[in-house]
Amino acid sequence: MAQLKMYHTLEVIEDFPIPEEFELSLFKEGDVKTWVDACTPAFFDENVNAESAFRECMLSQEGLVPERDIYFISRKGGKPEATLTAFVYPDNKGYIHMVAAKPSIQGHNVSRMMLSVGMKKLDKMIQGENRIVYLTTDDFRLPAIVGYLKAGFVPVIYDEGMVERWQKICDQLNMHGYEMLNDDGTKSGVIL
């Protein structure tokens with residue numbers, strides 16, 4: 183089954199400042215294990231090979247520069263507990279990738295903080311007309327979907343069954359009133 187897709191048109195970017203008790207940092211050489219730890223358990227089990235996971239998930243992405251594009255959030259003086267990657271593909275589309283927060287930091291709006299930082303960065307990087315940032319996610323990642331909707335991302339129709347899947351998710355979340363976009367970024371007329 184295809185992943186869900188969401189678009190953000192960069193018209194309004196949520197300003198969600200990072201509170202004093204948290205700090206933002208960028209990936210640096212030697213942070214592969216730190217990145218995998220921040221992504222566990224959202225994407226990996228504890229026995230994953232860090233180098234392989236990083237190579238497969240990150241280094242395979244054309245246009246991604248880890249030291250520029252991978253962010254971490256940690257409590258002041260602590261180890262990173264959450265991560266988000268924001269980069270621009272060569273076709274000038276922004277991409278939000280591998281958003282994850284350890285259970286120890288969930289519930290503090292960390293995803294919204296990181297999305298705000300990532301979206302502001304992409305807003306500066308993406309040139310021209312029809313500026314779009316997209317992400318993909320899974321139906322079961324309901325807390326992440328709530329954060330994406332609140333940050334201004336909109337569901338996209340790009341495969342069979344998307345309208346029904348999104349309707350079910352919006353019903354589960356009791357969040358309605360979102361007009362889906364077509365894969366080309368135009369309005370679909372479908373209101374969830």
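Residue numbers 183 to 374, in our numbering, belong to the letters of the sequence shown in order. The beta carbon of each residue, even a glycine, is placed where N, CA and C say it ideally should be. Please read these numbers as outputs of a predicted model, since none were measured by experiment.
CB of residue i within 7 Å of CB of residue j, strictly
i	j	result
Ile278	Ala264	no
Met188	Leu317	yes
Val281	Ser293	yes
Leu331	Gln349	no
Phe209	Ile255	no
Pro272	Ala220	no
Ile308	Gly276	yes
Sequence-distant residues of the same chain with beta carbon closer than 7 Å to residue i, five excluded per side
i	result
Asp305	Leu192 and Ile195
Glu244	Tyr271 and Pro272
Spatial distance of residue i from residue j (CA atoms)
i	j	result
Gly212	Arg250	14 Å
Met240	Pro248	8 Å
His290	Asp341	34 Å
Arg257	Ser207	11 Å
Asn231	Glu238	11 Å
Thr368	His190	12 Å
Met357	Pro337	12 Å
Gly174	Leu266	Only positions 183 to 374 of the chain appear in the structure, and residue 174 is not among them; the question remains open.
Gly260	Glu202	13 Å
Leu186	Phe226	19 Å
Leu355	Ile327	9 Å
Gly147	Ser242	Absent from the structure is residue 147, since the part of the chain shown begins at 183 and ends at 374.
Asp321	Leu246	26 Å
Ala224	Phe236	14 Å
Spatial neighbours of residue i in its chain, beta-carbon cut-off 6 Å, leaving aside the 5 residues before and after
i	result
Met301	Ile195
Lys303	Ala268
Ile200	Leu206 and Met295
For residue i, the first and last residue of its enclosing alpha helix (DSSP H)
i	result
Thr222	Unbroken run through Thr222: none, as it is neither H nor E.
Met188	Counting along the chain, Met188 falls outside any alpha helix (DSSP H), though it belongs to the beta strand (DSSP E) covering Leu186 to His190.
Pro325	Leu324 to Lys332
Glu311	Run containing Glu311: none; DSSP gives neither H nor E here.
Ser242	Note, Ser242: premise wrong, no alpha helix (DSSP H); not H, not E.
Pro248	Pro248 to Asp251
Val336	Not the alpha helix (DSSP H): Val336 falls in the beta strand (DSSP E), residues Val336 to Ile339.
Glu346	Met344 to Leu355
Nonlocal neighbours in the same chain, by C-beta distance under 8 Å from residue i, ignoring five residues either side
i	result
Val372	Ile339, Val345, Glu361 and Met362
Glu228	Thr222
Gln288	Pro325
Lys215	Ala232
Beta strand (DSSP E) segment containing residue i, residue limits
i	result
Glu205	Phe204 to Leu208
Glu361	Glu361 to Asn364
I'd like the ranges of any beta strand (DSSP E) spanning at least 3 consecutive residues and lying wholly in the stretch 253-294. Listed in chain order, they are 262-270 and 276-283.
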